[in-house]
């Protein structure tokens, strides 16, 4: 249930269990990195896993309050974490392109 303009309630709900979505997002990215044949430095692994965690948090707030089975929310957060680098790259490219046109 979405609180009526109550950010404190939303943050309390995040503290109770929403942070798990960050772990699921990071785990989704970690699984993708383990399954790839590409060679990455440790720093790239860390950056990609953090991007997966951030995307998991964004996904949590996007799905907060929706009447969706928790297992599906978990799968969505894990999948969003796995595709996080591409999402951030698309946003970064569009932002740079838009700023260069100003």
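Residue numbers (the numbering used here): 120 to 221. Just so it is clear, CB atoms sit at the ideal spot from N, CA and C, and this is done for glycine as well.
So, with DSSP's three-state summary, where would you put residue i?
{"i": "residue 122", "result": "For residue 122, the pLDDT reaches just 47, beneath the cut-off of 50, and the residue's location in the model is therefore unreliable, although a value from the coordinates is still provided. Reduced to three states, the DSSP call for residue 122 is coil."}
{"i": "residue 221", "result": "coil"}
So is residue i buried or exposed if we call it buried at 16+ other beta carbons inside 10 Å?
{"i": "residue 184", "result": "exposed"}
{"i": "residue 153", "result": "exposed"}
{"i": "residue 179", "result": "buried"}
{"i": "residue 136", "result": "exposed"}
{"i": "residue 143", "result": "buried"}
Return no unless some Cβ of chain C is closer than 9 Å to the Cβ of residue i.
{"i": "residue 214", "result": "Judged by its chain identifiers, the structure shown contains no chain C, having just a single protein chain."}
Every unbroken alpha helix (DSSP H) inside the stretch 127 to 206 [4 residues or more]: If we require 4 residues or more, the alpha helix (DSSP H) runs fully inside the stretch 127 to 206 come out as 138 to 154, 161 to 182 and 189 to 201.
At least 3 beta-carbon pairs within less than 8 Å: the stretch 166 to 177 vs the stretch 200 to 217: A contact between stretches requires three or more CB pairs, one per stretch, nearer than 8 Å, and the stretch 166 to 177 meets this requirement with the stretch 200 to 217.
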